[in-house]
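Reading through the structure tokens given below for one structure.
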Amino acid sequence: MSLFRLDASIKIEGSASREIADVVEEHWVSHHPGDHVVRRHIGTEPLPADAWTAAVTGGMTPEAERTEAQRAAVALAAQLVDELLEADAVLLAVPLYNFGVSQHIKTWIDLVITDPRGKAGPLLAGKPLVLATVRGGAYGEGTPREGWDHSTAYLRRILEDVWGADLTVVEREFTLVGVNPALDEFTDLARQIHAEALSAADEAGRVLAKAS
Ligand SMILES: Cc1cc2nc3c(=O)[nH]c(=O)nc-3n(C[C@H](O)[C@H](O)[C@H](O)COP(=O)(O)O)c2cc1C
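The sequence shown begins at 1038 in the numbering used here and counts up by one.
Here is the structure:
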């Protein structure tokens, strides 16, 4: 058995998305002693930004005529898909950046979609997947930034509707409370949101461990 874990935070220390993913991973590891976790840290070790163009054009070019860059990009996309297909469960930790997904996560998704294996049917049909996603601010109904989170719905669309994963989302908002003094009035609320996120992570980890 194996778990594929992808981290998209640009931080290592103090990352809220990693904290949630760590809780989920601990459950999986303790339920599968001796099994392994395959990791990819696209926030700190980004995929090449130009790989997607080369993978798309490479896919349209007969193999023998591909450039070196196209060959490398097609191979990279295949490796990313192998990581997903070979895993029994998937764990993604993805922060909100600039009201959307980072170029890192978009490049990863775009590259995966170039691989021809996704054309035969949903790549992750029924595979258990936990998405840990965090936001510095708050985007709930009635807040000034309601509707400004252009990441979560997009990720759900890809993971659940395009790739067919059995998706559980664990969310945490207001991670910048305690960092940005302008948000100090939300300290109690942020503490409660944090506790709820860790509890949701605990439950998601239990379910993931048993499902895979
Ligand atoms: C460059 C950058 C852009 C960010 N953009 C947003 C944003 O648009 N909305 C938001 O709510 N938080 C934003 N944040 C805050 C992050 O979502 C927040 O710090 C989150 O906890 C980061 O994930 P991590 O703790 O796992 O690193 C941004 C942070 C950085 C560094």
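Ideal Cβ placement from N, Cα and C applies to all residues, glycine included.
Any non-hydrogen atom of ligand 1 within 8 Å of residue i CB
i	result
Arg1042	no
Pro1132	yes
Leu1168	no
Leu1206	For the record, residue 1206 in the displayed sequence is Val; it is not Leu. No.
Thr1151	no
Tyr1176	yes
Ala1053	yes
Ser1039	no
Thr1180	no
Lys1247	no
Lys1143	no
Gly1184	no
Arg1172	yes
Lys1164	no
Arg1136	Reading off the sequence, residue 1136 comes out as Phe, not Arg. Under cutoff, so the answer is yes.
Thr1212	yes
Ile1195	no
When the options are compared against residue i, the one with the closest alpha-carbon
i	options	result
Ile1057	Val1171, Thr1144, Ala1086 and Ile1150	Val1171
Asp1147	Asp1221, Val1199 and Lys1048	Val1199
Gln1229	Leu1245, Val1244 and Phe1211	Phe1211
Pro1213	Glu1197, His1231, Leu1196 and Glu1100	Just to set this straight, residue 1213 is Leu in the shown sequence, not Pro. It is His1231 whose Cα lies nearest to the Cα of Leu1213.
Leu1043	His1068, Trp1089 and Leu1166	Leu1166
Ile1047	Thr1094, Met1038, Ala1130 and Arg1103	Ala1130
Ala1086	Ala1234, Ser1139, Val1074 and Gly1173	Ser1139
Leu1113	Trp1145, Glu1123 and Ala1126	Trp1145
Ala1241	Gly1095, Phe1223, Val1127 and Glu1123	Val1127
Assigned exposure category for residue i - 16 Cβ within 10 Å defines buried
i	result
Thr1180	exposed
Lys1247	exposed
Gly1184	exposed
Gly1163	exposed
Arg1209	buried
Ile1142	buried
Leu1196	buried
Asp1221	exposed
Where the beta strand (DSSP E) through residue i begins and ends
i	result
Ala1115	Counting along the chain, Ala1115 falls outside any beta strand (DSSP E), though it belongs to the alpha helix (DSSP H) covering Glu1105 to Glu1123.
Ala1126	Ala1126 to Pro1132
Glu1063	From DSSP, Glu1063 is part of no beta strand (DSSP E) but of the alpha helix (DSSP H) over Ala1053 to His1068.
Arg1182	Here Arg1182 belongs to no beta strand (DSSP E), and DSSP marks it neither H nor E.
Asp1044	Ser1039 to Asp1044
Ala1169	Pro1165 to Val1171
Extent of the continuous alpha helix (DSSP H) to which residue i belongs
i	result
Glu1210	Careful: Glu1210 lies outside any alpha helix (DSSP H) and carries neither H nor E.
Leu1220	Careful: Leu1220 lies outside any alpha helix (DSSP H) and carries neither H nor E.
Val1298	The structure shown does not extend to residue 1298, since the chain spans only 1038 to 1249, so no value can be given for it.
Residue i beta carbon near ligand 3 (any heavy atom closer than 8 Å)
i	result
Gly1215	Within the structure as shown, ligand 3 is missing, the only ligands being ligand 1.
Taking contact to mean at least 3 C-beta pairs separated by less than 8 Å, is the region 1054-1071 in contact with the region 1110-1121? no
Can at least three beta-carbon pairs, one atom from the region 1203-1218 and one from the region 1138-1158, be found at a separation below 8 Å? no
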